[in-house]
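One structure is given below, encoded as structure tokens.
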Amino acid sequence: MNLKGLSYDYVAVDLRKSEHRGAAFKGLNPQGLVPALVDGVRVLTQSVAIIEWLEEHYPTPTLLPTDVNDRVRVRALAWIALSEGSV
Ligand SMILES: N[C@@H](CCC(=O)N[C@@H](CS)C(=O)NCC(=O)O)C(=O)O
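Going from the sequence shown to this note's numbering is simple: count from 1 and add 35.
Have a look at this one:
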């Protein structure tokens, strides 16, 4: 969101205090995992889904390469990183 120059309110969720397991946060994301992005009434979860949503709603500046073959490589690398121990 910073790279795209978007303004937003940041709300910290302290995992050390298990705030992500509390009713307030689970009301946003029943999975109890950060991040969660609230856009009005819509709550977005899952990092890659959030990034893809940001890219589609705010295409400039792009986070992805312009070449389709480069884009698929970036997406593959993202999924490799996320599949290492992620839910
Ligand atoms: N696949 C999810 C993974 C989210 C995730 O694992 N978040 C971690 C922090 S990086 C978390 O909330 N951990 C809390 C827990 O496992 O209890 C995504 O990409 O958003």
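Virtual Cβ for every residue (Gly too), placed ideally from N, Cα, C.
- Put Asp74 into one of helix, strand or coil per three-state DSSP. strand
- Task: Look at the alpha carbon of Leu41 and the alpha carbon of Trp88, and state the distance between them as a whole number of angstroms.
- Result: 13 Å
- Reduced DSSP category for Leu50 - H, G, I as helix; E, B as strand; rest coil: helix
- Say yes only if the C-beta of Leu38 is nearer than 6 Å to one or more non-hydrogen atoms of ligand 1, and no if none qualify. no
- Message: Less than 6 Å separating the Cβ of Ser82 from some heavy atom of ligand 1?
- Response: yes
- Boundaries of the alpha helix (DSSP H) in which Val69 is found, first to last residue: Neither: Val69 is in no alpha helix (DSSP H) and is coded neither H nor E.
- Do you know how far the Cα of Val83 is from the Cα of Ala113? 8 Å
- Item | Opening and closing residue of the alpha helix (DSSP H) in which Glu87 lies | Ser82 to His92
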